[in-house]
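Below you'll find the structure, written out as structure tokens, and then a few comments.
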Ligand code: GLN
């Protein structure tokens, strides 16, 4: 499985290392046409406004088509790019996950922090997860099709809709590999995702 990491800006290399550690073949994506060769994409943290500038209109449209078809995981600025609605300030999103997200929402004193949140694991219960927040956005609304995968306090901090995942923290900066593994599991799921969700098909 070939996984791309968008490498225009931000902490793409930490994602590359983590994905390779988990056995994926990783391609650093710098040009829109490279999207044609990959089975999934990670959009790293960085500055979402800068990503938009660097992508340009053509890159944005190409990425928009990609996220409709293939599994994508956005962290922090990447989560902002994937959202339907972006606040503070308002900016364009790829509308791949029906969430409203507020940039730089945690205020100065906790601009950056490491906190313990919860990974929600359905029947197997919740488990603690270290979360690194860096000028993090906050998910303010989740649409009806959105599943919450992790929380910190009362806030959803990792979500999924179809085969698109977003996290407001940086799992690539913690040692725990479970969040990236969950994404690779999504990439490997060859069954239509709504069936997996409904539990009518067992994952192997
Ligand atoms: N504050 C950044 C933004 O608004 C996101 C920060 C990050 O990716 N660590 O895009």
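In the working numbering, the protein residues as written are 234 to 437. Even glycine gets a Cβ: it sits at the ideal position worked out from N, Cα and C. From a predicted model like this one, the values you see are computed outputs, not experimental measurements.
Contact between residue 248 and residue 238 holds, with the beta-carbon distance rounding to 5 angstroms and staying under 8 angstroms. When the five nearest sequence neighbours on each side are left out, the beta carbons in the same chain lying within less than 6 angstroms of the beta carbon of residue 399 are those of 307, 312, 315, 330 and 392, in order along the chain. Judged by the Cβ position, residue 411 fails to qualify as a neighbour of the ligand GLN at the 7 angstroms threshold, every heavy atom of the ligand being at least this far. By the CB criterion at 8 angstroms, residue 359 and residue 351 fall inside the cutoff. Inclusion of residue 304 and residue 273 in the CB contact set at 8 angstroms is warranted, their separation being smaller than that value. Taking residue 361 as the centre and dropping the five residues before and after it, the same chain places the C-beta of 349, 350, 351 and 352 closer than 8 angstroms to its C-beta, in chain order.
Looking at the backbone, the Cα of residue 296 and that of residue 338 are separated by about 26 angstroms. Restricting attention to 322, 395 and 363, the CA atom closest to the CA of residue 280 is found in 322. Ranked by Cα distance from residue 246, the first of 404, 416, 415 and 379 is 404. The alpha-carbon separation between residue 406 and residue 275 amounts to approximately 14 angstroms. In this structure, the CA atom of residue 251 is about 15 angstroms from the CA atom of residue 365. Within the same chain, Cβ atoms closer than 8 angstroms to the Cβ of residue 291 are found at 265, the five residues on either side in sequence being excluded. Shown here, residue 394 sits in a strand according to DSSP, grouped into three states. Taking 8 angstroms as the cut-off, the beta carbon of residue 401 is found closer than this to the beta carbon of residue 372. Taken through DSSP and simplified to helix, strand or coil, residue 253 comes out as helix. About 13 angstroms separates the beta carbon of residue 332 from that of residue 395, a gap too long to meet the 8 angstroms contact definition.
Your pair residue 336 and residue 318 does not check out as a contact, with CB atoms roughly 11 angstroms apart and the cut at 8 angstroms.
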